[in-house]
Amino acid sequence: MGHHHHHHNNACPGKLLSETTLLTTSYYDTSPINTPLDPEPSMGPVTPSPSGDTDPNPLLPVNDQVLTNSTGEKVSVDETASLSFLGFLRKTIKPYVGSMSFTDNERHHIMLESDRNDVASDRPVVVPVEIYSLLDSYFEVTSGLLDLFTADEIDILLAERASPRGAMLELPVRRDDIAAVDVALAIGAQVRESSDKSTQLARSYFYGARQIAFEGMLACQSLGTVRLFLLLAFYMLGACDRNAASMYLGVAAKAAVVLGLHQPATYRSLQEGEHNTRLRTWNSLRNIDILTSFILGRPKSLPTVKHNINQIEMASEDSQSAFSAILNGCSLLEDIVNKLSKGNMLHVPTAEGLLEQLRNCSRALPQTLRQFTFASDDRASLDPANRQLLSGNMHVSCVYYFAVILITRPFLIAYLMSRLRGRAPDQLISNPDEASDVNIKNNKVSKLAQVCVSSAIYMADMCQKAKASNFTFGNLCLLKAWIFGAGLILGFSMFAGEPRKDIEDSFEDVVEILDDIAATSPQAQLYSEILTNFSESINKYHHRVSGEVRHAVQHYIDQILVFDSPRNAGDVSQYHTLLSSEDANTNLDEQFPSAPINAHRNTYSSDMYSSVEGMHSQVDMAEYGDITEN
């Protein structure tokens, strides 16, 4: 995976300023603003924000969203770290489009949770071939993320599981191991398209295994305890129950620390088999802990262990695998969060250094992880081995694209907010001589903003190509959260950026992939609805801007030739009225008093957009884990 610790010392301050790239807090005027656009007095009266919005600064999202769970308890958690960004978008966009499904988010403050029917239902009859098919599905959804079973171990455990309950099963450790296979089967059933049988299978396997897990969890911890609770957590992620997933993950993490798994140096005295098992278990737990801390919006459960990336221990035969690539990717994510949390959120050299580090690692990935070949003429589904390979490769790519988004999203927000608030991006450039069109386009801030958008486009494109290769998307619990985050970035770019067909196409791809996953996951269904509502807001805003432009030019030019089509005369007369009637345009101002749009404004008020750094660190970094202590 290449080298991890390039120490990018910041260049000398003089150089930074000459490159006009040091965008730290001192660049912002953080005085409170009441409207997303501060209009000049000549713009006419401005009504303050709608009365419901008493927050003095609509650009700073609330950092601890409180959601309600199924029993009506308040739980402080974001549905995903993306949803902290979602909260920011809703607040930012509302003054421009008014009250719409996307901006009024009450419906989405109810957390999706799995059915809490705890009674293990009768298990449907499952023939051996079906058991192996469920395990194939398990290995597909966890490919690259978990490495908890060897092939030999699976065969032994399945044989023991099938035998009449013999003396071996009385040992609590063995019971944990067999229960772990049951949870793997439950996860396999959960990945599949929802049907009565798959739902019933998943539940009966899960509840049976959970009962065994609870019996011994406090009395005796073993590697089996860690594995079992990690699998229970993974199942709960797929079942949309993020609170339960956090709890199970916490138990697995605490058991791992009790057993000393967080000190890989101490494994050396062990036999090779035991050594490898401990490593695989610890590394699997670490992957899920780091990746889900972003999705659950909660601190990590494991202590941060200082790894030099070249010293991350893994079983030797694994060094070329998706699993080891994700392990290294997770170390990079920890490193990124560390660096960004030290006040470097909008510091270009820091961002460029981190991106270079990521790029070196991605270029060092073996070809098997960067290329997928399939027979284009064959319309049949992929076989299980290919599905597992492709799933692991997609997980690797997503971790890297997500890391890029994490580094560059503050620049995208800075760039788009400056556009949205009626200022040219040249205000991101401190030296007026450099504010030519070419320099605006080449300015580092807009380049890094573009990197963020491109990362989201690559993620969407990868999923679309996988679909074209006959990969059917099951309930991939991390991928659906990542792709939703990419959709939000593409949507915000469509809302506030220049119109671009590639961004629009990728946004549609994201919605389509989420619709596919929705066949197995209500969470994906919810994500798809949110993005569909977002696109309605985008259309409404663009319609409004074009109305403002017409309003601005009608004092100077009339439309001369208007075509009247006899087929839909009604539509055309309506269209013609819109073009010529001043009423239609003044209505726009009444509809959205809080944010008059000034399409042709060419003077910019002196204050910069509200502190993007404050926004981004306050919201998202809070959800990236307990970063202050790292």
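Residue numbers for the sequence shown follow full-length UniProt numbering, so the first one is 1 and each next one is one higher.
No residue lacks a Cβ here, since even glycine has one placed at the ideal position from N, Cα and C.
Annotation: T103 to G343 spans about 30 Å, alpha carbon to alpha carbon.
Contact between I336 and L354 holds, since their C-beta atoms are separated by about 5 Å, short of 8 Å. In chain order, S455 place their CB closer than 6 Å to the CB of V404, counting only its own chain and leaving out the 5 sequence neighbours on each side. G260 sits exposed, since fewer than 16 C-beta atoms from the chains shown fall within 10 Å of its C-beta.
N470 has its alpha-carbon roughly 10 Å from the corresponding atom of D383. Put simply, the backbone Cα of Y415 is about 22 Å away from that of L531.
The region 257-275 makes no contact with the region 494-512, as fewer than three CB pairs between them are under 8 Å.
Between R161 and V183 a beta carbon distance of about 12 Å is seen, past the 8 Å cut, so the two are scored as non-contacting. Excluding five sequence positions before and after L146, the CB atoms of its chain that fall closer than 6 Å to its own CB belong to S284, given in chain order.
Looking at the backbone, the Cα of Y267 and that of I290 are separated by about 22 Å.
Around the C-beta of C463, 16 or more other C-beta atoms lie within 10 Å, and the residue is accordingly described as buried. For Y541, the enclosing alpha helix (DSSP H) has its first and last residue at P522 to V553. A check of alpha carbon separations from A325 across W282, V453, N533 and V399 identifies V399 as the nearest.
The beta carbon of W482 lies closer than 7 Å to those of C398, F402 and M459 in the same chain, with the five residues before and after it left out. Taking 8 Å as the cut-off, the beta carbon of F85 is found no closer than this to the beta carbon of L476. Of all C-beta pairs linking the region 227-234 to the region 135-151, three or more are shorter than 8 Å, placing the two stretches in contact. Around the beta carbon of H395, a 10 Å sphere encloses 16 or more other beta carbons of the protein chains shown; the residue is thus reported as buried. Contact between A466 and L526 is ruled out by a C-beta separation of about 22 Å, above the 8 Å threshold. One Cα belongs to C240, the other to I295, and the distance between them is close to 11 Å. Beyond the five residues adjoining it in sequence on each side, E193 comes within less than 7 Å, by CB distance, of A519 and T520 in the same chain, given in chain order. Excluding residues up to 5 positions away in sequence, A449 and C452 lie with their Cβ nearer than 6 Å to the Cβ of L412 in the same chain. Taking C-beta atoms as the reference points, A322 and N386 fail to come closer than 8 Å. DSSP places R192 outside any alpha helix (DSSP H), giving it a letter other than H or E. One Cα belongs to N338, the other to P410, and the distance between them is close to 15 Å. In this structure, Y138 places its C-beta atom within 8 Å of the C-beta atom of L185. F473 and I538 do not touch by the CB rule: their CB atoms are close to 25 Å apart, not below 8 Å. With respect to the C-alpha of D155, the residue from D176, T142, Y132 and R175 having the closest C-alpha is Y132. Boundaries of the alpha helix (DSSP H) around F234: L223 to G238. For the pair E512 and L332, the Cα-to-Cα distance works out to about 30 Å. Contact between V141 and V97 fails: their C-beta atoms lie close to 37 Å from each other, not under 8 Å. By the CB criterion at 8 Å, R286 and L270 fall outside the cutoff. Per DSSP, the continuous alpha helix (DSSP H) segment holding N276 begins and ends at E272 to L296. Cβ contact annotation for F507 (same chain, cutoff 8 Å, sequence separation greater than five): A460, G487, L490, G491, M494, L531 and S535, in chain order. Residue range A322 to L340 is occupied by the alpha helix (DSSP H) that includes E334. For D155, the enclosing alpha helix (DSSP H) starts and ends at A151 to A162.
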